[in-house]
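Beneath this line is the structure, given in structure tokens, with notes to follow.
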Amino acid sequence: MTAGTVFLIVVGVDGSDSSLAALDWALEEARLRTGEVHVVTAWHYPVIGDAAGKAEDHDSFGDNARRANAGALRRASGTGLVVTGEVTEGHPADVLAKAATGADLLVVGSHGHGGFAGMLLGSVSSHAVHHAHCPVVVVRTGADTVQR
Numbered sequence: 129m130t131a132g133t134v135f136l137i138v139v140g141v142d143g144s145d146s147s148l149a150a151l152d153w154a155l156e157e158a159r160l161r162t163g164e165v166h167v168v169t170a171w172h173y174p175v176i177g178d179a180a181g182k183a184e185d186h187d188s189f190g191d192n193a194r195r196a197n198a199g200a201l202r203r204a205s206g207t208g209l210v211v212t213g214e215v216t217e218g219h220p221a222d223v224l225a226k227a228a229t230g231a232d233l234l235v236v237g238s239h240g241h242g243g244f245a246g247m248l249l250g251s252v253s254s255h256a257v258h259h260a261h262c263p264v265v266v267v268r269t270g271a272d273t274v275q276r
């Protein structure tokens, strides 16, 4: 971070307890650093079975992702922080890597399967640790709160 720039934290949220713990951690870190948080929810429609009746199912994946992102933004409201959101179709690992380009920090939950199929955050957190071009924080659900 250079003088005059804002510390940007990207956090992956899928609605799971683990991702909400990551969101809470990111919000507190942004407060401490006078930073901003960008909440990213990615969804991926698995290609399995036949194509009959799949259009409605496909739409429901996106709807669930939008609900998860909106819930995260509601959770962040009232913090006094600048918090933005993004919902993108694609593999969560790829979407988060792209969203974190230029960010100062990427925060993800340690695992999850956030309330809807298609979000395998365990594999996403592993991918983030090994491939992100910024520091990564992996937040465990139920982990002791770090005293600052």
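Counted the way this note's numbering counts, the sequence shown spans residues 129 to 276.
Cβ coordinates follow ideal geometry from the N, Cα and C atoms, glycine included.
Those residues which DSSP pairs with residue i across a bridge
i, result
"A170", "T216"
"L201", "For L201, which the question treats as bridged, DSSP gives no partner whatsoever."
"E156", "Paired residue(s): none; E156 is not in a bridge."
"V252", "DSSP output for V252 lists no bridge partner at all."
"V257", "Paired residues: none, contrary to the question."
"V223", "Note: V223 sits in no beta bridge, so no partner."
First through last residue of the beta strand (DSSP E) which encompasses residue i
i, result
"L234", "233-237"
"G140", "136-140"
C-alpha distance - residue i paired with residue j, whole-angstrom precision
i, j, result
"S188", "R195", "10 angstroms"
"S205", "V138", "16 angstroms"
"T216", "A193", "8 angstroms"
"F135", "P174", "35 angstroms"
"L160", "V252", "26 angstroms"
"L248", "V265", "Only weak support is given to the placement of L248: the predicted model assigns it a pLDDT of 42, under 50, and the question is left unresolved by the model."
"L96", "T162", "Given that the chain is displayed from residue 129 to residue 276, the structure contains no residue 96 and the question cannot be resolved."
"D232", "N197", "21 angstroms"
"A170", "A158", "22 angstroms"
"G213", "S254", "23 angstroms"
"D191", "V168", "14 angstroms"
"D222", "G143", "18 angstroms"
"G230", "R202", "25 angstroms"
"L155", "L209", "8 angstroms"
Cut-off 6 angstroms between Cβ atoms - residues of its own chain near residue i, not counting five sequence neighbours on either side
i, result
"V211", "V165, A204"
"A228", "V138, L234, A260, C262"
"V151", "The question names Val, yet the displayed sequence has Leu at residue 151. Excluding residues within five positions, the ones whose Cβ falls inside 6 angstroms are V139, V141, A200."
"V267", "A149, A150, W153, G237"
"D145", "T269"
"H219", "H172"
Residues near residue i in its chain [Cβ-Cβ closer than 7 angstroms; skip 5 each side]
i, result
"V257", "V264, V266"
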